[in-house]
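Novice:
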Amino acid sequence: FDQFTNVDSIGAIQVAPSDTNIVYAGTGDSVGGSSGDGMYKSVDAGKTWTHIGLEDTVKINKIVVDPKDPNLVLASTQGDARHSGQGVYSSTDGGKTWTNVLKPENANGTRDLEYAFDTPHVMFATSQGAGGGFGGGGGAAPQGPNATALYKSTDAGKTWKKVDTLPPYTGRISVAIAMHTKGQRVFVVGGLLQGGSGLYRSDDQGATWQHMGGDDTRVANGQGAFSSGVWVDPQNPDILYTISTTVYRSTDGGKTFSAFKGAPGGEDPHEIWIDPTNGQRMFFGFDQGPAVTLDGGQTWSGYYQIPIAQVYHIATDNRYPYWVMGSKQDTGAIMTRSRSDQGQITTVDWLPLPSSEFGTLAPDPLKPTTVYGVGYGAGQGNGLIKIDLTAGQWGNVAPNFGTDSGLYTAGRDFWKRFDTAFDPKALYVGYNCILVTRDGAQTWKAFSPDLTTAKGQPMVPCGVVPAAAAAPRPAAPAPTPGAPTATPTPAPPAGGRPNLPGSISDFSLSTVKQGVVWSGSTSGQIYNTMDGGKTWNNVTNFTDLPPGANFVTVEAGHSDVNTAYVLANLGLGRGGGGPPAPQREQHYIYRTHDGGKSWTRIVNGLPVDERTGSQVHVIREDPKQKGLLFAGTETTVYVSFDDGDHWQSLRLNLPSTSIRDMVFHTDDHMNDLVIGTYGRGFWVLDDMSPLRDIAAKAQQIAAAPAYLFKPGDAIRSRMNSNWDQPMNPEMPHAANPPFGALIYYHLSQKPAGEIKLQIFDSANKLVRTITSTPPPMYRRPPYPDYWLMPSSERALSTNIGTNRINWDLRYDDPPGFNPDINNQMNSAPGQVTPAPHGPLALPGTYTVKLLVDGAVYTQTLVVHNDPRIGESATMMSGLRAQNKLAMAAWQGMKDSYAANEEVAAMRAQLAAIARGSLPADIATAATALDAKLATIGGARAPGRGGGGGGGFGGPARIPGSVLTFTAINALFNTVLAPLSQNAIDMPPTKAEVDTWESGCKEFTATANASKTMLGVDLVGFNSLLTKSNLTPLKITPTALAVPASCTFVWPMATARGGK
């Protein structure tokens, strides 16, 4: 479904009961507020999809398909002020044509739509009135009498009649019909118009009703429009389920209930599916994800199986690998490594954070195991939470803790930032003014006055309540039974703004000059200070910004103090909800280069015709390239290379999803762009450095036939430190970043021939060559192909446009006689390549050359050691010694392979001669010579128990003989294999050096034996050939000698045990 890039949410999905290959999916999210563009259908169980209409709806809340006819389908939909499609639609031809069979008056559409599986002609639908929904498009329909109602059809949805026997409901209501009752038993739950709420039951198809559940407010109305519902067991009409923050179950027809599935704090269930043929099989949909039971709730699957986290705000720390952390819908906040030592990122790399689901997070740059988050509720005091990851402790350190301080927040997600550029001890937090602490939140000082003050009004000091806000407020109404319990936001006053005096919605600290700060507020004000907070300037100088703006992003420029970027949204609430309006479907992004005296709107190229993509949630400027901007929209990421004058999509492989926050991670030589999405979790764009090249040299790149981008720095870490058995690929996981250096290049035209990439070290010695010719495919892999790295990923692409290749920081693979993929137990899916592998390159500066059609393009690449290990003099001395041994073994493998090839060439000539008619003495001599040559090599397989190309074991020896060159090759690989895979960064051990010396001794012995064969046996055989007027063997041996790598004396006494 990800092929459709114009929608980012699904509101309903239904499999046709009579043909499970047919699936209907309705777009738009009534809870989160994201809009859709109609209905989609698959006829191959979800492999491919087709759009089948209902474009004028914005949310499809429910779909029902006839149990016997997969082409009879009905959909419950909502519209808004700009899209008239709303109500129940019916299709009898599988979605080819639709008929609006129910369109309630004064409503923004219908919500629930149900039938009983055994009486599908009896249907009930609910309408949603104007103003009736958290995130549900409230206010979209015209105002008027209450339009929340229940409707009934007895002809499979062709005609509908309003049920007027119920007490008047309001907002969202839900309905269910029990099987085995001939459609007579019906349940309805919702909020009552005159106050209160309740669950009602009818046993006569809605003619009369009785209130159920007594005074049990847990089951009265769920969480209102956020989550509400009722479902009935298909076998027993007395068993039903309803939801609030927990799922509740009744076994007596709704008289009493008990908690069935939930947790303290609330799992927030939204949807339940019960198998109509087996009530023990149930799927529950929670904020965190799906949970499945096959035994009536005795056991459940975990809901952390698929990456669907709804992330609001994100941050990264400065460790290596760095951790990505974010606040997410329910389950509070989470953090995860951006790279795992286990080959892929799994649950062992995750860590929960005791912070609210909406709050921002700020890791301490001087002590990254300390993180500041946001808490809410009685336990966390609606405050600022200091988290000690080492000790596993947290506490409330809010400056307004337990006091009437006059500090006002934007609800649950007030911003906090460290001044990482100039004063990393300083943590700033934004209320209606900005405060700062430099002692770990022990004490706080005001950094600004009230920055929500309207332009032209006198500034109010921090902590002083303005007179307008200090006036007594009307008493809050008594809580409604069954009202939502999930941390409600305070009700906004008239005008739709937060309670006076407003609050800071975002602020940004300059990385150019200390003391320069920009802020934006929910009251539509932009301020800045250029002198560390001594004076503040109201720079709300916009000419085309509608009233009611909320500045959701404020970004200080990273190149000069007078530059800033701001993003305003209108009426956006939790989950992006709120009433659509013409102004909301426009973008309000501005930049200034004169300190805020004037602002320029920068929206050219951003989507205006996508149903959901017209919203922008965040804007950022690259900290290293002036004018390189990124915007997160409701469906993808956009980039501008010219300071916002023009925008274009940067989707790449990103699925269609709402982008809520983005940060750059530029510590530890990294160049990553990290985003938090509402529905797809965290995503990382590894090494965005080519985008900086494009911003600086766009015309040069476009004009050149080929262009090699400046690579970002590479980290010399390990692909996977696991051993013995890779982790199960079915466990929840994310791919690690590519191991090594990402190298990007651009081709403006198709190359005429093969292209090459060459890596040279600082001494200009060739390290690695990668070509556009794919390497051979794997032969008979011993495990499924998904473990293997595709050949296309090991070759250069010749496609027109921008391409990339990953250099794994190894030298060219040495030749081995039996390329092996059996023993790579430290690998990960998609990462296995045949062993043996070349040695790891040392930290340092390398030269990268791209060869295209006779032209050479050159860049430099810097390789750093793993920051956890470092590059101290002692460490580098040990690494160089380790590398020298690896290179010696690598050379030994190359030399022994070459020697074996020469022996093989001689034996091939002997075989060719033997195929002819030979005198008996020559035939006998040929057989004898081949037998002698066979004792030193010529075979393609390991000789006499050799360890093979990828084995670690040494060869077995036959007494009185020398080793073959194939066995010597395996002996050298015994040294190289562990060093080239995941060797610890340390000097080589005495055993490793001794094994290498053993290989050299064996090589020397075999080389000397070959000299005897060449000087005596071969000469004698050629003499026989000459006497018989036959052509002698042509031998020009070059490799049958002791290799240079075996002639030096090992320099490290420590590695030789003092020898």
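By our numbering, the letter at position 322 of the sequence shown is numbered 324, and the numbering carries on one by one without gaps.
For glycine and all other residues, C-beta sits at the position ideal for the given N, C-alpha and C.
Only a predicted model underlies this, so the values are computations on that prediction, with no experimental measurement involved.
Going by DSSP, what residues sit across from residue 261 in a beta bridge?
Specialist: Residue 261 pairs with 250.
Novice: May I ask you to list the residues that DSSP assigns as paired with residue 803?
Specialist: Answer is 749, bridged to residue 803.
Novice: Is it buried or exposed, residue 848, if we count other Cβ atoms within 10 angstroms and call 16 or more buried?
Specialist: Counting Cβ neighbours within 10 Å, residue 848 comes out buried, since at least 16 surround it.
Novice: Output needed for residue 449: all residues of its chain with C-beta closer than 7 Å, excluding positions within five of it in sequence on either side, in chain order.
Specialist: If we look at residue 449 and ignore the five residues flanking it on each side, its Cβ neighbours are 430, 436, 437, 438, 535.
Novice: Tell whether a beta-carbon distance below 8 Å holds between residue 682 and residue 309.
Specialist: Cβ distance < 8 Å, so residue 682 and residue 309 count as in contact.
Novice: Can the beta-carbon of residue 337 be found closer than 8 Å to that of residue 326?
Specialist: Their beta carbons are under 8 Å apart, which means residue 337 touches residue 326 by this criterion.
Novice: Does the beta-carbon distance from residue 93 to residue 127 come in below 8 Å?
Specialist: Not a contact, by the Cβ cut-off of 8 Å.
Novice: Based on DSSP bridge pairs, tell me the residues matched to residue 620.
Specialist: DSSP lists 634 as partners of residue 620.
Novice: Apart from the five residues on each side of it in sequence, which residues of its chain come closer than 7 Å, Cβ to Cβ, to residue 886?
Specialist: Contacts found: none.
Novice: Here's the rule I'm using: 16 or more other beta-carbon atoms within 10 Å means buried, otherwise exposed. How should residue 1036 be labelled?
Specialist: By the neighbour-count rule (16 or more Cβ atoms within 10 Å), residue 1036 is not buried but exposed.
Novice: Between the Cα of residue 830 and the Cα atoms of 328, 89, 343, which residue gives the shortest distance?
Specialist: For residue 830, the nearest C-alpha among the options comes from 343.
Novice: Is the beta carbon of residue 1005 less than 8 Å from the beta carbon of residue 895?
Specialist: It is not a contact, given that the beta carbons lie outside the stated cut-off.
Novice: Going by C-alpha distance, which of 91, 335, 1001, 263 is nearest residue 1?
Specialist: No answer is possible for residue 1: the residues shown for the chain start at 3 and end at 1061.
Novice: Note down, in chain order, each residue of its chain lying with its Cβ closer than 7 Å to the Cβ of residue 1026, except the 5 sequence neighbours on either side.
Specialist: So the qualifying residues of the chain are 923, 924, 927.
Novice: Have a look at residue 201 and residue 189 and give me their C-alpha separation to the nearest angstrom.
Specialist: Whole-angstrom Cα-Cα distance: 7 Å.
Novice: Pairing CB atoms from the region 354-374 with CB atoms from the region 419-434, are three or more of them under 8 Å?
Specialist: Contact holds: three or more Cβ-Cβ distances are below 8 Å.
Novice: Excluding five sequence neighbours on each side, which residues of the same chain lie with their C-beta closer than 7 Å to the C-beta of residue 815?
Specialist: Counting only Cβ-Cβ distances below 7 Å, and skipping sequence neighbours, we find 838, 839, 840.
Novice: Exposed or buried, which one is residue 778 when buried takes at least 16 other CB atoms within 10 Å?
Specialist: Residue 778 should be labelled exposed.
Novice: Using C-beta distances below 8 Å, list every residue in its chain close to residue 397, excluding the 5 sequence neighbours before and after it, in chain order.
Specialist: Cβ neighbours of residue 397 beyond the five flanking positions: 387, 388.
Novice: Alpha carbons only, please: which of 559, 669, 684, 304 is nearest the one belonging to residue 627?
Specialist: Nearest C-alpha to residue 627: 559.
Novice: Residue 918 to residue 1014, Cα distance in whole Å?
Specialist: Distance between the alpha carbons of residue 918 and residue 1014: 27 Å.
Novice: Looking at the unbroken alpha helix (DSSP H) that takes in residue 1021, where does it start and where does it end?
Specialist: That run of the alpha helix (DSSP H) goes 1020-1029.
Novice: Does residue 532 come out as helix, strand or coil in the three-state DSSP assignment?
Specialist: Looking at residue 532 - three-state DSSP - the assignment turns out to be coil, as it is neither helix nor strand.
Novice: With three or more beta-carbon pairs closer than 8 Å as the criterion, would you say the region 319-333 touches the region 747-759?
Specialist: Contact fails: fewer than three Cβ-Cβ distances are below 8 Å.
Novice: Which residue's Cα is closest to the Cα of residue 864: 856, 764, 907?
Specialist: Measuring from the Cα of residue 864, the nearest candidate turns out to be 764.
Novice: Starting from residue 760, trace the beta strand (DSSP E) both ways and give me its first and last residue.
Specialist: Its beta strand (DSSP E) spans residues 758-762.
Novice: Could you tell me the distance, in whole angstroms, from the CA atom of residue 744 to the CA atom of residue 655?
Specialist: If I take the Cα positions, the gap works out to 16 Å.
Novice: Find out if the Cβ-Cβ distance for the pair residue 151, residue 125 is shorter than 8 Å.
Specialist: No. Outside cutoff.
Novice: Beta strand (DSSP E) containing residue 662: first to last residue?
Specialist: Taken as a continuous stretch (DSSP letters only), the beta strand (DSSP E) holding residue 662 covers 660-667.
Novice: Starting from residue 273, follow its DSSP beta bridges and name the residues at the other end.
Specialist: Residue 273 pairs with 287.
Novice: Please report the straight-line C-alpha distance between residue 701 and residue 707, rounded to a whole angstrom.
Specialist: Cα to Cα, the separation comes out at about 12 Å.
Novice: For residue 103, does the count of other Cβ atoms within 10 angstroms reach 16, so buried, or fall short, so exposed?
Specialist: Burial call: buried.
Novice: Applying the criterion that 16 or more other CB atoms from any shown protein chain within 10 Å of the CB defines a buried residue, is residue 149 buried or exposed?
Specialist: With 16 or more Cβ atoms within 10 Å of its Cβ, residue 149 is classed as buried.
Novice: Could you give the distance in angstroms between the alpha-carbon of residue 1001 and the alpha-carbon of residue 976?
Specialist: About 10 Å.
Novice: Just the Cα atoms here: how many angstroms apart are residue 1019 and residue 938?
Specialist: The alpha-carbon atoms of residue 1019 and residue 938 are separated by roughly 14 Å.
Novice: Taking the beta strand (DSSP E) that residue 446 falls in, what are its first and last residues?
Specialist: No beta strand (DSSP E) contains residue 446, which DSSP labels as neither H nor E.
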